[in-house]
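Numbering (the UniProt record's numbering), first residue to last: 1 to 100.
Backbone N, C-alpha and C fix where the C-beta goes; we use that ideal spot for every residue, glycine too.
Note that the coordinates shown come from a computational prediction; the quantities given were computed from them, not determined experimentally.
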Amino acid sequence: MSASAEATVLITHEVGLHARPSVKFTKLAKTFAAEVEIALAANGPWFDAKSIVKVMATKAPKGTVLHIRASGDGANDAVDALVELVRRDFDEGADHVRTA
1 MSASAEATVL
11 ITHEVGLHAR
21 PSVKFTKLAK
31 TFAAEVEIAL
41 AANGPWFDAK
51 SIVKVMATKA
61 PKGTVLHIRA
71 SGDGANDAVD
81 ALVELVRRDF
91 DEGADHVRTA
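Written as structure tokens, this is what we have:
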């Protein structure tokens, strides 16, 4: 039986899941053997979290609850790591936020 994991996390980053955060998210997702997917709603649609194009296409703004699920080897570790990355604002401090 294959391992699976699922979690939700609130996006608090000012620009949401945009260019830089999407790159960091997909790079981290690719480090795991598990199949990893994200959605903006519990019932989907689900998108490949290892695809920068698909992750950016979600256009998830700040305040979105991101649903993350994984299956296969390392599923729990993948979900835990991705949730923590989002909680850490994609490792970008306030100095990375652009102002007009």
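Sequence-distant residues of its chain with Cβ nearer than 7 angstroms to R98 (five each side left out) | At R98, the pLDDT of 44 sits below 50, so the modelled position is not reliable; the number obtained from the coordinates is stated separately. Same-chain partners within the cutoff: there are none.
Identify, in the order they occur along the chain, each residue of the same chain with its Cβ nearer than 7 angstroms to the Cβ of G72, setting aside the five sequence neighbours on each side.
-> S2, A3, A33, A34, E35
Nearest to A5 (by Cα), restricted to the options E92, A78, D89, R20 = A78
Contact set for P61: own chain, Cβ-Cβ below 6 angstroms, skip 5 residues either direction = G16
Distance CB(I11)-CB(T64) smaller than 8 angstroms | yes
R20 to I52 span [Cα, whole Å] | 10 angstroms
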